[in-house]
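S.K.: Okay, handing you the structure first.
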Amino acid sequence: MATQSIERVVHARETTATDQMKRKFTNSGIFAILLVLTILWLTPLAWALDTALKPESETTIFPLTWLSSHFTLQAFASTLSTSDLPRWYFNSILTSVVISLVTVVLASMAAYAFSRIPFRGRGVLFWIILAGIMIPGQVLIVPLFALMQSFGFVDTYQGIILPQIASPFAVFIFKQFFDGIPRDYDEAALMDGASRLRVYWQVLIPLARPAVATVAILTFVAAWNNFIWPFIVITDTKMMTIPVGLATVQTSYGIRYAQIMASALLGGLPAVIIFLFFQRQIVEGLAGGLKE
Amino acid sequence: MSLSQQQVAQAREQAQRVPRMKGTLRWRNELVGFGFVLPFLIAYALFLLWPVLLGLRMSLYNWNLAGGGTSAFLGLGNYQELFADANFWSALWHTILFTVLSTPFLVILALALALLINRTIPAKWLFRLAFFAPFVLPVTVVVLIWQWLFTPGFGLINSTLTAIGLPTVNWLTDPHVAMISVVVVTIWWTVGVNFLLYLAGLQQIPQDMYEAAAIDGAGAWSQILRITIPLLGRITTLIVILQVIASLQVFSQIYLLTTGGPDFVTRPVIQYIYETGFSSYRVGFASAASYVLFVLILVVTAGQFTLLQRQQRRGA
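Order-wise, the sequence lines are chains U and E.
The first sequence begins at 1 in the working numbering and counts up by one.
The second sequence begins at 1001 in the working numbering and counts up by one.
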């Protein structure tokens, strides 16, 4: 048996030269396939940018060309000065920031109790909250709207924010993370006379910074991109968020494609910047959600 | 914050002296623990649980948005009317068709991309960025860009088709093509998430499994078939579950691309709910439709989770 495996290793060695050639060949093949797919994937964005940089009169020339007699930022400038886009930016930033802050605080507090404080009904409560992950959000729009209407929150920031702050998934992520932190840290602080609130805020939250970042960023991007809920609860143009507001530009601009593409790119920019900055947290957050 | 060994030891010592005050400590724990959960619980009850119950109640009444309340108790009347409505069934069919058409691509393409990129190739980050970037765009941005690409006549896609001598296609207005266009846009927009999840899954496969297989003479292709894909089984099930849940709730991209047209051939259930609830103001009836979709999604999810558990037991 030993000789057999040695033979195998020898056999494997012998083939490495041709293997390496083969691998090089397949690797460059894979690279070529990927390159084609990547170009295909980026074409819509590149074309949007190209259109936005053309003078309006050149966007519908036939035959189409990627070139232009003079590229210009005119479309971006007139979008920012004539549309409500700056106001929509403000609305989107305000609501998304508040939503992610409140989500982090509410979910991490609850998770702290579920992870550290023994109290009656803890197990049952945790399961009730976890079951909430199964509730499909889009299905609730009708009763949620009726509820917001009875509160008088239609066309208000509260109306956009409140239905997006209770995230069972965030509780789950924080609970997982807290469970992984050794109890020695916070128990020692407790014995030194620190209150539970101080332990939560000054011991566990700093230690759970990666979880805070993950939840905050994922919540922010989800809130920023949420279309259906603001679309339903907001009718006043001044109160719209970017995704909802942008849906109205097509009709208001008529067929001014450069301007439409400029506003689309401006609307998508913040999310792309956030992704570029927090790539690692987003990827790890998504992957972490899969583990259990 | 770091604590010295001594402090920890001291704390342990003190902890052993605690039993004397166990009674009050217990009582305090009850109160403090519940206090920490309470803020979340209030938001959760108000904006998640309460709408679920309110929706059920509304679905039994001839509920009206303007009147702001219960007008006439109908029992199961809304549901009877719903099940007799051909428009509801066709909307449900469009949602299911969308799910069936898009899910295989969103799973298999994501896996293929992850497998290709997981090999040692230069500029990995660039490829990762290219395929994931569309996912972080708001749906409206995605739709504005694709409507421009799909434009009849001088849109990029049709111009390209004309340039190479092919007939043009009315991507969004031809009833035979509109759903395919919607699926194409959805794949472009969302395949990046599944792709990232697969990449994360691939990184968890221990490298020595491949080495052992290579020594046994297994080629790259059979390594993928015999090692990688079976080991990604659990992640695949999870991705399919998440994908199906999301697809059954499809609304935004269809509504913005085609408004459910042409001639309602792409209208999904959520749009049916939206239109009966917010255009016809029949919120009781719309709640009934919501509940049918809700139950459908729960049943599908529960079924898939059972499958997942069976898979895990087999794996363990």
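By construction, the Cβ of each residue, glycine as well, lies at the ideal position given by its N, Cα and C atoms.
Computed from a predicted model, the values in this text were never measured in an experiment.
For E:Tyr1274, which residues does DSSP report across the bridge?
M.R.: None, per the DSSP bridge assignment.
S.K.: Would a C-beta distance cut-off of 7 Å place E:Arg1267 and E:Ala1091 closer than the cut-off?
M.R.: yes
S.K.: Is U:Phe119 helix, strand or coil by DSSP?
M.R.: coil
S.K.: Mark U:Ser115 as exposed unless 16 or more other C-beta atoms lie within 10 angstroms of its C-beta, in which case mark it buried.
M.R.: Buried, because 16 or more other Cβ atoms sit within 10 Å of the Cβ of U:Ser115.
S.K.: Does chain E have any CB closer than 7 Å to the CB of U:Arg120?
M.R.: Yes, U:Arg120 counts as interfacial toward chain E.
S.K.: So what's E:Tyr1281 in DSSP terms, helix, strand or just coil?
M.R.: Coil, per DSSP.
S.K.: E:Asn1158 by DSSP, collapsed to three states: which one?
M.R.: Helix at E:Asn1158.
S.K.: May I have a chain-ordered list of the alpha helix (DSSP H) segments no shorter than 4 residues that lie completely inside the region 138 to 205 of chain U?
M.R.: 141 to 151, 157 to 161, 168 to 179, 183 to 191
S.K.: For a contact meaning CB atoms closer than 7 Å, what does E:Phe1131 contact in chain U?
M.R.: Residues of chain U whose Cβ lies closer than 7 Å to the Cβ of E:Phe1131 are, in chain order, Trp41.
S.K.: With 7 Å set as the bound, which would you pick, yes or no: does the beta-carbon of E:Arg1020 sit closer than that to a beta-carbon of chain U?
M.R.: Unreliable placement is indicated for E:Arg1020, whose pLDDT of 48 sits below 50; the coordinate value is still reported in the next sentence. Residue contact with chain U for E:Arg1020: absent (no Cβ-Cβ distance below 7 Å to any residue of chain U).
S.K.: Against U:Ile181, what residues of chain E qualify as contacts under a CB-to-CB distance less than 7 Å, listed in chain order?
M.R.: Scanning chain E for C-beta atoms nearer than 7 Å to the C-beta of U:Ile181 yields nothing, as the closest lies near 11 Å away.
S.K.: With H, G and I counted as helix, E and B as strand and the rest as coil, what does DSSP make of E:Asn1062?
M.R.: coil
S.K.: Which value, in whole angstroms, describes the spacing of the CA atoms of E:Val1283 and E:Thr1095?
M.R.: 21 Å
S.K.: Taking only beta-carbon atoms, is U:Ile165 less than 7 Å away from chain E?
M.R.: yes
S.K.: Would you please state the rounded distance, in angstroms, between the beta carbons of U:Leu190 and U:Val199? I believe it to be under 8 Å.
M.R.: 6 Å
S.K.: Would you mind sorting U:Leu34 into buried or exposed? The rule is 16 or more other CB atoms within 10 Å of its CB.
M.R.: buried
S.K.: Interface residues of chain U around E:Phe1150 at Cβ under 8 Å?
M.R.: What E:Phe1150 touches in chain U: nothing, since even the nearest Cβ is about 10 Å away.
S.K.: For U:Thr59 and U:Ile99, what's the separation of their Cα atoms in angstroms?
M.R.: Rounded to whole angstroms, U:Thr59 to U:Ile99 spans 39 Å at the Cα level.
S.K.: Mind checking whether U:Val105 and U:Ile173 have CB atoms under 7 Å apart?
M.R.: no
S.K.: My guess is that U:Thr299 and U:Asp84 are in contact by the Cβ rule of under 8 Å, so how many angstroms apart are they, rounded?
M.R.: No statement about residue 299 of chain U is possible, as the shown extent of chain U runs from 1 to 292 and does not include it.
S.K.: Using the DSSP secondary-structure output, state which residues sit across from E:Phe1073 in a beta bridge.
M.R.: E:Tyr1061
S.K.: Are U:Phe151 and U:Ile232 touching if we call contact CB-CB under 7 Å?
M.R.: no
S.K.: Using the C-alpha atoms, what's the distance from U:Ala110 back to U:Leu125?
M.R.: 10 Å
S.K.: Look at the alpha carbon of U:Thr26 and the alpha carbon of E:Leu1225, and state the distance between them as a whole number of angstroms.
M.R.: Those two C-alpha atoms are separated by around 17 Å.
S.K.: Let's see if you can read the secondary structure: which residues bound the alpha helix (DSSP H) around E:His1094?
M.R.: That run of the alpha helix (DSSP H) goes 1086 to 1118.
S.K.: In this structure, does DSSP put E:Gln1311 in helix, strand or coil?
M.R.: helix
S.K.: Compare the beta carbon distance of E:Tyr1198 and E:Ala1114 with 7 Å and say whether it is the shorter of the two.
M.R.: yes
S.K.: Residues of chain E with a CB under 8 Å from the CB of U:Gln138: which are they?
M.R.: Within chain E, the residues Gln1249, Phe1251, Ile1270 have their CB atoms less than 8 Å from the CB of U:Gln138, given in chain order.
S.K.: The alpha helix (DSSP H) that contains U:Phe229, what's its start and end?
M.R.: Contrary to the premise, residue 229 of chain U reads as Trp rather than Phe in this sequence. Here the alpha helix (DSSP H) through U:Trp229 covers 228 to 233.
S.K.: Label E:Trp1148 either buried or exposed according to how many other C-beta atoms from any shown protein chain fall within 10 Å of its C-beta, with 16 as the threshold for buried.
M.R.: buried
S.K.: Span of the alpha helix (DSSP H) holding E:Asp1208?
M.R.: 1207 to 1215
S.K.: Going along the chain, which residues of its own chain have a beta-carbon closer than 6 Å to the beta-carbon of E:Leu1298, five neighbours each way excluded?
M.R.: none
S.K.: Apply the 10 Å Cβ neighbour rule to E:Ser1247 and answer buried if 16 or more other Cβ atoms are within range, or exposed otherwise.
M.R.: buried
S.K.: Between which two residues does the alpha helix (DSSP H) containing E:Val1143 stretch?
M.R.: Note, E:Val1143: alpha helix (DSSP H), 1139 to 1150.
S.K.: How do the region 1181 to 1201 of chain E and the region 1227 to 1247 of chain E stand: do at least 3 beta-carbon pairs fall below 8 Å, yes or no?
M.R.: yes
S.K.: Under 7 Å, Cβ to Cβ, is there at least one residue of chain E near U:Thr3?
M.R.: Note that U:Thr3 scores a pLDDT of 49, beneath 50, so its modelled location is shaky; the value from the coordinates is reported in the next line. No, no contact with chain E.
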